[in-house]
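To start, the structure under review is shown below, and the notes come after it.
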Amino acid sequence: MSSMSGPAAQRDRSRSGDGVSGTQDAFAAAQAHLSAASTLRNKALRRIAADLKTAKPGSAVELKAYAAAHPDDAEAVWLLAKLAESAGRLDDALALFEECLSLAPEFIAARFGFARLLRRLHRYAGALEEADRLLATDSRNLLFRQFKADVLSIVGEDAAALVIWHELVRETPERAEGWLLLGHALRANGLQEDAILAYRQAIARRPSLGAAWWALANLKTFRFSDDEIAAMRERLRSPELSAEDRANLLYALGKAHEDHGDYAGSFESYAKGNAGLHAGFEYDEEGARLRLQASKAVFTPAFFASHGEAGDKARDPIFVVGCPRSGSTLIEQILASHPAVEGTSELPYIAELVRGLAGGNRRPSEYPYALQQMGHEAFGLLGQEYLARAKVHRKSGRPCFIDKTPANCQHTGFIRLILPNAKIIDARRHPAAACLSMFKQNFSRSNLRLRELGFFYRHYVELMAHFDRVLPGRIHRVIYENMVADPEGETRRLLDYLELPFDERCLRFYETDRAVRTPSSEQVRRP
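Per our numbering, the very first residue in the sequence shown carries number 22; after that it's consecutive.
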């Protein structure tokens, strides 16, 4: 092994492109190199890192003791940062990565870890800055370019992201995941036929890649051929199929059977896919009940009377909340067609601010009771913090922007406190249609069983009914079925609530050219 194995070695190897080629293994090789304990210079640290990887008892204590004795050892601080991140102590990890890079600014593995943590924390401007610093050391690095394209897509820089995605598949054409990611970017930008070709390229390179099959099914307007259905069934017979690929294939097969009128076969496939994703996940009904009770106890008319105007007075945010698969994307597309409104898709910042108030955990005892101990100034600062974080997604300069995050319905009271002039739209759909649509949608690892979906829907309706009582007239409800039956009437009522003039372009929402990153992306591009 070369004697130069730490940050300097990683920098030089990154520049030389060692271990990175235009093959399907290039990304794995690059990733392995950037996380390998074998690159550490200190023999003791290499041993400690290996022990940490195998979760050997006492290894974390040993690392902390070593770091305390060697406070200027950047590699030890890097390992501490990784340890903190793996334990979910993300703020500690962030501070440790910063400390590490202050000691060794050219430590490439640490900088990449820092960039990825910033992205995980939704600090996208900082993540892009770090991506550019990494690319300044190696402009052709596959991992760094893919990382930058991913963040560019998130913040709405779609044209720049697509350039990188296209470059990556040209350079590593045998990598199925590259075609899959390109397909996602093409789909979000309305290039459906190109997206289909990209997904099929991914399947051709790895026929068991369930995510590519599900991506085709999730286009909603796509129909599988009989040969493709047979190919999915053949893949599902493989005992070596991963649980994730199996679930994705089952959901795709469910959609294929549904499109061909085989509803019994469709439901069976959806149910099997749902069961596979549900393994190891339990919906916390008792926790949901406690949170509902807490919201009712805290968010009272008296509470809003004493705190209701304490937040930031900005009028630009428009929140679209509700159950998933209930027309929220349609509402967003209609409003984003108005010259005064910008669509930014689903933003994570309200939930982040709430987690901060709850001490970073999900215990129902922490939130929303913590709000009762806060002064007026704190609510204003929270509103300003939300607006500052959302700013990176705003590109058009329009006076209003949409945060379409259905799960924010559970934070309706919090939104009203920190942004009292914000508009809140509740997207609602018939419970049977909404719950069945959620059941058929592959939400990765958080799918609910049918019974749980019914509980979830009832909980949501009861919560919003509470806010209707304590905030009369402050929330506008759009019933999906009414919007479909009378789009002009519902759109006029919606714009009246938003205090915006009617604009005919809202009725031609399907002509609006913007990225849409939800399962309804194809549906909102049709009349």
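Note that the Cβ used here is the ideal one computed from N, Cα and C, for glycine as well.
query: Terminal residues of the alpha helix (DSSP H) in which glycine 308 lies; result: 306-319
query: Ordered list of beta strand (DSSP E) runs contained in the stretch 472-529, each at least 3 residues; result: 496-500
query: Touching by the beta-carbon criterion (3+ pairs, under 8 Å), the stretch 427-443 and the stretch 355-365; result: no
query: N- and C-terminal bounds of the alpha helix (DSSP H) containing lysine 412; result: First-last for lysine 412: undefined, no H or E at that position.
query: Helix, strand or coil at valine 362 according to DSSP, with G and I counted as helix; result: strand
query: Exposure label - histidine 397; buried when at least 16 CB within 10 Å; result: exposed
query: Neighbourhood of phenylalanine 523 by C-beta, 7 Å cutoff - its chain only, sequence neighbours within 5 removed; result: Arg513, Leu516
query: Candidates Phe324, Leu469, Ala180: closest to alanine 296 by CA position; result: Leu469
query: DSSP bridge partner residues for alanine 285 (one or two, in chain order); result: None; alanine 285 has no bridge partner.
query: Outcome for histidine 451 when other beta-carbon atoms lying within 10 angstroms are tallied against a minimum of 16; result: exposed
query: Start-to-end residues for the alpha helix (DSSP H) that takes in glycine 109; result: Looking at the DSSP string, glycine 109 is not in any alpha helix (DSSP H), and its letter there is neither H nor E.
query: Counted within 10 angstroms of its Cβ, other Cβ atoms place phenylalanine 302 as buried (16 or more) or exposed; result: exposed
query: Spatial distance of proline 228 from leucine 155 (CA atoms); result: 34 Å
query: Residue burial classification, alanine 70 (beta-carbon count within 10 angstroms, cutoff 16); result: buried
query: Straight-line Cα distance separating leucine 237 from glutamate 119; result: 41 Å
query: Identity of the residue in Glu188, Leu183, Glu195 nearest histidine 205 by Cα; result: Leu183
query: Extent of the continuous beta strand (DSSP E) run through cysteine 421; result: 421-425
query: Rounded Cβ spacing between tyrosine 407 and isoleucine 439 (contact assumed at less than 8 Å); result: 6 Å
query: Cysteine 421 to phenylalanine 476 span [Cα, whole Å]; result: 34 Å
query: Pairwise C-alpha distance: leucine 124 and aspartate 93; result: 7 Å
query: Cβ shell of alanine 264 (< 8 Å), same chain only, five flanking positions each side left out; result: Gly297, Ala300
query: Rounded C-alpha distance that separates aspartate 179 from glutamate 188; result: 14 Å
query: Residues bridged to isoleucine 445 (per DSSP); result: Phe340, Ile496
query: Per-residue DSSP class, three states only, for alanine 300; result: coil
query: Glutamate 249 (DSSP reduced to helix, strand or coil); result: helix
query: Proximal residues to valine 319 (C-beta, below 8 Å), its chain only, five neighbours per side dropped; result: Pro389, Tyr390, Leu392, Gln393, Gly434
query: Contacts around leucine 471, its chain only, beta-carbon distance under 8 Å, and the 5 residues preceding and following it disregarded; result: Cys456, Phe460
query: Whole-angstrom C-beta distance between leucine 201 and alanine 252, which should lie under 8 Å; result: With 8 Å as the limit, alanine 252 and leucine 201 do not qualify as a contact, their Cβ atoms being about 17 Å apart.
query: Residue span of the alpha helix (DSSP H) that contains phenylalanine 395, given as start and end; result: This sequence places methionine at residue 395; phenylalanine is not what is there. Unbroken run through methionine 395: none, as it is neither H nor E.
query: Opening and closing residue of the alpha helix (DSSP H) in which glycine 204 lies; result: 197-209
query: Buried/exposed call for glutamine 19, threshold 16 Cβ in 10 Å; result: As displayed, the chain neither begins before 22 nor continues past 548, which places residue 19 out of reach and without an answer.
query: Segment contact flag, the stretch 305-313 with the stretch 264-283, C-beta cutoff 8 Å, min 3 pairs; result: no
query: Coil, strand or helix - alanine 379 by DSSP; result: coil
query: Through-space distance from leucine 368 to glutamine 167, alpha-carbon basis; result: 21 Å
query: Cβ neighbours of histidine 579 in the same chain (closer than 6 Å, five flanking residues each side left out); result: Here the chain has residues from 22 to 548 only, and residue 579 is not among them.
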